[in-house]
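> Sharing a structure here in structure tokens format.
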Amino acid sequence: MRIGMGTVGPPRLAGMVLLALVAACDRGEREGVSGRSVTDSAARREAPETAPPPVGSQEAELLAAGKAAWRGCAQCHCATDPRIAEDEDWVRLNEETTCIEAGEPAPRVRAAIMAYVRHPDTLRPILRRPDHKPADGEKAGRVVVPETGGSAYLKADRDSIRKGSPAMVRLYWSGAPEETSIAVPAGKYDVINFWFYRRGEDEAAQRWMVTGTNVNGCATVTVAPDEEQILLLEPVLYGKFAATRKDDRWALSFSMQDDGGSRMTLSRDGRVVIPRYRIEDAQGRTVAEGSFGVT
Numbered sequence: 255m256r257i258g259m260g261t262v263g264p265p266r267l268a269g270m271v272l273l274a275l276v277a278a279c280d281r282g283e284r285e286g287v288s289g290r291s292v293t294d295s296a297a298r299r300e301a302p303e304t305a306p307p308p309v310g311s312q313e314a315e316l317l318a319a320g321k322a323a324w325r326g327c328a329q330c331h332c333a334t335d336p337r338i339a340e341d342e343d344w345v346r347l348n349e350e351t352t353c354i355e356a357g358e359p360a361p362r363v364r365a366a367i368m369a370y371v372r373h374p375d376t377l378r379p380i381l382r383r384p385d386h387k388p389a390d391g392e393k394a395g396r397v398v399v400p401e402t403g404g405s406a407y408l409k410a411d412r413d414s415i416r417k418g419s420p421a422m423v424r425l426y427w428s429g430a431p432e433e434t435s436i437a438v439p440a441g442k443y444d445v446i447n448f449w450f451y452r453r454g455e456d457e458a459a460q461r462w463m464v465t466g467t468n469v470n471g472c473a474t475v476t477v478a479p480d481e482e483q484i485l486l487l488e489p490v491l492y493g494k495f496a497a498t499r500k501d502d503r504w505a506l507s508f509s510m511q512d513d514g515g516s517r518m519t520l521s522r523d524g525r526v527v528i529p530r531y532r533i534e535d536a537q538g539r540t541v542a543e544g545s546f547g548v549t
């Protein structure tokens, strides 16, 4: 998703543009809820069978539509995991901003995608937390995670998969002082998505989340047996503002990215934080102000 454009006339661009983003977040953590992962064959064997919806039923049609639409999304995202409470905020975020092809009935397609990613039998990565212990004989190393609570979606390369690495792994850590690393099956992985979470101690406190996406990999992690590898991700945002002239008007755009150029989104309680702009003339008078759109 990206921050869209606003348009103003040429006289209004005579002054300076002021942009503000509220990014002061209370540190906090949330506990996950029960659920399961069904990515590799071992996880499939361990997972209890779930009766599929009746053929031709409304639920079956919705899930089929969601599965078809999800194929495009799966290049950049993984299905949500019911054991990660923060994923529900991600769902709320994408109920409004999921990329939909032009001409498609967006509300219906989004509803189908959200139903599919929530369904128990949807393909999702194996989940690894700091308390996970590798099975006897399993080739695994440890990935050192950032101090800020978060999650990361890892995709193994083809050579690693041929050697037995799981195709998809999801890491999750709360940011607690004792949660410094996670045991991960050996292999070479690209970090396709990552999330950082902040929340105050009060249950009524606002939930902040920053997400990063890069289909080519936000970072690369090579995990060797019995060795440690640092997950090089930082919860740092950079804003990019541009003003482009179109005939007698100007188009203003604003986007966020991390140090590596990955596309970033900041949200609060499952809603995108919309940056605002204000344009002043040479005397400091406000001549235009508003919010950037979100697509």
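Residue numbers (my numbering): 255 to 549.
Note that CB positions come from ideal geometry on N, CA and C, so glycine has one too.
Determine the extent of the alpha helix (DSSP H) in which D413 is found, giving its start and end residues.
For this step, residue 413 is matched to residue 159 along the sequence shown. Its alpha helix (DSSP H) spans residues 412-416.
> Please determine, among V371, R372, N348, the residue with the shortest C-alpha to C-alpha distance to P361.
Within the sequence shown, the letter at position 107 stands for residue 361. Taking only the C-alpha atoms, the option nearest P361 is N348.
> Just how far apart, CA to CA, sit V398 and Y443?
Position 144 of the sequence shown, counted from the first residue, corresponds to residue 398. Position 189 of the sequence shown, counted from the first residue, corresponds to residue 443. Their Cα atoms are separated by approximately 14 Å.
> With DSSP as the reference, identify every bridge partner of K500, one or two as the case may be.
On the sequence shown, position 246 is the one that residue 500 refers to. Answer is R503.
> Is it the case that the stretch 420-440 contacts the stretch 381-392, given that we only count it when at least three CB pairs across the two stretches are under 8 Å?
yes
> What is the DSSP secondary structure of A430, counted as helix, strand or coil?
Reading the sequence shown from its first residue, position 176 is the one you call residue 430. If DSSP states are grouped into helix, strand and coil, A430 belongs with coil.
> Which same chain residues, not among the five before or five after S291, have their C-beta less than 7 Å away from its C-beta?
The residue you call residue 291 lines up with position 37 of the sequence shown. Here S291 scores only 42 on pLDDT, less than 50, and its place in the model is too uncertain to base an answer on.
> 7 Å is my cut-off, CB to CB: does W427 come that close to chain C?
Protein chain content of the structure displayed is limited to a single chain, and chain C is not contained in it.
> Can you grab the Cα-Cα spacing for the pair D280 / Y407, in whole Å?
Position 26 of the sequence shown, counted from the first residue, corresponds to residue 280. Position 153 of the sequence shown, counted from the first residue, corresponds to residue 407. Low confidence applies here, because D280 scores a pLDDT of 32, under 50, leaving its location unreliable and the question unanswered by this model.
> Assuming A323 and A366 are in contact, meaning their beta carbons sit under 8 Å apart, how far apart are those beta carbons, in whole angstroms?
The count along the sequence shown starts at 1 and reaches residue 323 at position 69. The count along the sequence shown starts at 1 and reaches residue 366 at position 112. About 6 Å separates the two Cβ atoms, so the contact holds.
> Would R522 pass as a contact of W449 if the rule is Cβ separation under 7 Å?
Here residue 522 refers to the residue found at position 268 of the sequence shown. Here residue 449 refers to the residue found at position 195 of the sequence shown. Cβ distance not < 7 Å, so R522 and W449 don't count as in contact.
> Assign D444 to one of three DSSP states: helix, strand, or coil.
Sequence index remark: in the sequence shown, residue 444 carries index 190 (1-based). DSSP, read as helix, strand or coil, puts D444 in strand.
> Please report the straight-line C-alpha distance between A536 and E340, rounded to a whole angstrom.
On the sequence shown, position 282 is the one that residue 536 refers to. On the sequence shown, position 86 is the one that residue 340 refers to. The alpha-carbon of A536 is positioned some 45 Å away from that of E340.
> Check whether the stretch 478-490 touches the stretch 401-419, taking contact to mean three or more Cβ pairs, one atom from each stretch, closer than 8 Å.
yes
> Can you find the residues in the same chain that come closer than 6 Å, C-beta to C-beta, to L520, ignoring five residues on each side of it along the sequence?
Sequence index remark: in the sequence shown, residue 520 carries index 266 (1-based). Cβ within range, chain order: V464, V527.
> Just tell me which of P374, V345, A421 has its CA closest to the CA of R364.
To locate residue 364, count along the sequence shown from 1; it is residue 110. Nearest option by C-alpha distance: V345.
> Cα-Cα, which of F546, P420, R539 is closest to G493?
In the sequence shown, residue 493 corresponds to position 239, counting from 1. The shortest C-alpha separation from G493 is found at F546.
> Using only CA atoms, which one of S414, E392, Q312, Q511 lies nearest to T476?
Residue 476 sits at position 222 when you count from the first residue of the sequence shown. Ranking S414, E392, Q312, Q511 by Cα distance to T476 puts S414 first.
> My understanding is that G524 touches D343, with C-beta atoms under 8 Å, so please give their C-beta distance in whole angstroms.
Position 270 of the sequence shown, counting from 1, holds the residue named residue 524. Position 89 of the sequence shown, counting from 1, holds the residue named residue 343. Rounded, the Cβ-Cβ distance is 4 Å, consistent with contact.
> How big is the Cα-Cα spacing for D411 and G515?
For the purposes of this step, residue 411 is taken as residue 157 along the sequence shown, with counting starting at 1. For the purposes of this step, residue 515 is taken as residue 261 along the sequence shown, with counting starting at 1. Using only the alpha carbons, I get a separation of about 21 Å.
> Which residue marks the beginning of the alpha helix (DSSP H) containing R362, and which one marks its end?
Position 108 of the sequence shown, counted from the start, is the residue given in the question as residue 362. Here the alpha helix (DSSP H) through R362 covers 360-372.
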